[in-house]
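A.B. asks:
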Amino acid sequence: MQSYVIKESDSLIELARKYGLGYNEIADSNMKMDPFIPELGATVRIPTFWILPNISREQGLIINLSELRLYYYPYKGAKFVFTFPIGIGDEGTETPLGVFSIIEKRVNPTWYVPKSIQAERPDMPTQVPPGPDNPLGTHALRLSIGPVLIHGTNKPWGTGRRVSHGCIRLYPEDIPELYRLVPIGTKVIILRQPVKLGLKNGRIYLEVHRGETIDYYQEAMKLLEERKLLPRIDRVKLAQVLREKTGVPEDISR
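Under the working numbering, residues 150 to 403 are what the sequence shown spells out, in order.
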């Protein structure tokens with residue numbers, strides 16, 4: 150965990166991008182702070198470590214919609230991963246869950262406007278060429294499900310928000326790196342894990358993300374029971390972490 154002292158003209162939105170975070174991550178971990186006009190001299194929490202999703206670490210992409218973050222394992226059992234904040238589908242146009250693959254990659258893609266968007270906005274052209282007005286940005290990777298893409302954006306402030314029509318968007322500076330790393334045929338798993346459990350240096354950490362309809366307490370207890378960690382936790386700390394849902398790995402050890 151890092152920290153930053155607010156200077157004149159700073160905003161949490163700009164700081165999120167500077168530190169490779171989505172808007173949700175910096176806003177949720179600093180909930181009492183105005184994201185647009187934070188108090189001068191205030192200290193901002195910068196969450197710069199994450200608990201990995203609870204899934205087999207095969208080569209491929211893991212996209213956790215609950216935390217609006219993507220993880221790339223370059224090979225099976227990798228000791229390190231690449232991770233990027235993302236924007237995802239809005240209510241009614243949610244990003245689909247499931248197991249897919251990358252079937253196509255394009256640099257400077259043309260955006261073929263989906264019929265659903267044309268119906269909402271009849272003034273839209275049927276296609277938008279590469280350039281600053283193209284919402285796909287500079288690179289796009291197509292998934293093996295309909296029109297869903299992983300792509301850049303010309304509106305970076307949507308990273309860490311639920312604003313798309315189902316596609317997954319990255320910051321303009323992140324998408325070229327992901328494009329370079331990920332070959333065609335790469336497996337893509339899209340899931341929801343709002344509660345994640347991890348161990349570091351003998352301490353137990355819980356990371357909880359808001360916005361889901363699950364029973365958070367039951368989910369946390371299930372994870373702790375599976376790993377036989379219940380005797381080692383502080384239940385007061387557990388209750389606080391589940392209540393606050395900061396999206397940051399918090400120590401719940403005794």
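Glycine is no exception: its CB is placed at the ideal position from the N, C-alpha and C atoms.
(1) Here's a check: name, in chain order, each residue in its chain whose Cβ is nearer than 6 Å to the Cβ of H358, leaving out the five neighbours to either side.
(2) Can you give me the C-alpha to C-alpha distance between L219 and G360, rounded to a whole angstrom?
(3) How should N350 be labelled, buried or exposed, when 16 other C-beta atoms within 10 angstroms of its C-beta is the threshold for buried?
(4) Taking all protein chains shown into account, decide if F229 is buried (16 or more other Cβ within 10 angstroms of its Cβ) or exposed.
(5) Hey, could you find the ends of the alpha helix (DSSP H) R376 is sitting in?
(6) From this set, Q389, G280, T308 and L327, which residue's C-alpha is nearest F231's C-alpha?
(7) Using a Cβ-Cβ cutoff of less than 7 Å, which residues in the same chain neighbour N179 once the five nearest sequence positions on both sides are dropped?
(8) What is the C-beta distance between P234 and G171, in whole angstroms, given that I count them as a contact (C-beta under 8 Å)?
(9) Rounding to the nearest angstrom, what Cα-Cα distance links A413 and P398 in this structure?
(10) Excluding five sequence neighbours on each side, which residues of the same chain lie with their C-beta closer than 6 Å to the C-beta of L387?
(11) For a test of the three-state rule: what should DSSP assign to N173, helix, strand or coil?
(12) Would you give the residue range spanned by the alpha helix (DSSP H) that K264 belongs to?
(13) Assuming P332 contacts V297 under a Cβ cut-off of 8 Å, what Cβ separation, rounded to an integer in Å, is found between them?
(14) Does any residue of chain B have a CB that is nearer than 7 Å to the CB of S293?
(15) Excluding sequence positions up to five away, which residues of its chain have a Cβ less than 8 Å from the Cβ of I186?
(16) Using DSSP with H/G/I as helix, E/B as strand and the rest coil, what is I200?
C.D. replies: Reading it off the structure:
(1) S215, E216, P343 and G396
(2) 18 Å
(3) exposed
(4) exposed
(5) Looking at the DSSP string, R376 is not in any alpha helix (DSSP H), and its letter there is neither H nor E.
(6) L327
(7) L161, V193 and R194
(8) 3 Å
(9) With the chain running from 150 to 403 in the structure shown, residue 413 is simply not present.
(10) I401
(11) helix
(12) K264 to E269
(13) Incorrect: roughly 18 Å between the Cβ atoms, too far for contact.
(14) In the structure shown, chain B cannot be found, because there is only a single protein chain.
(15) S160
(16) coil
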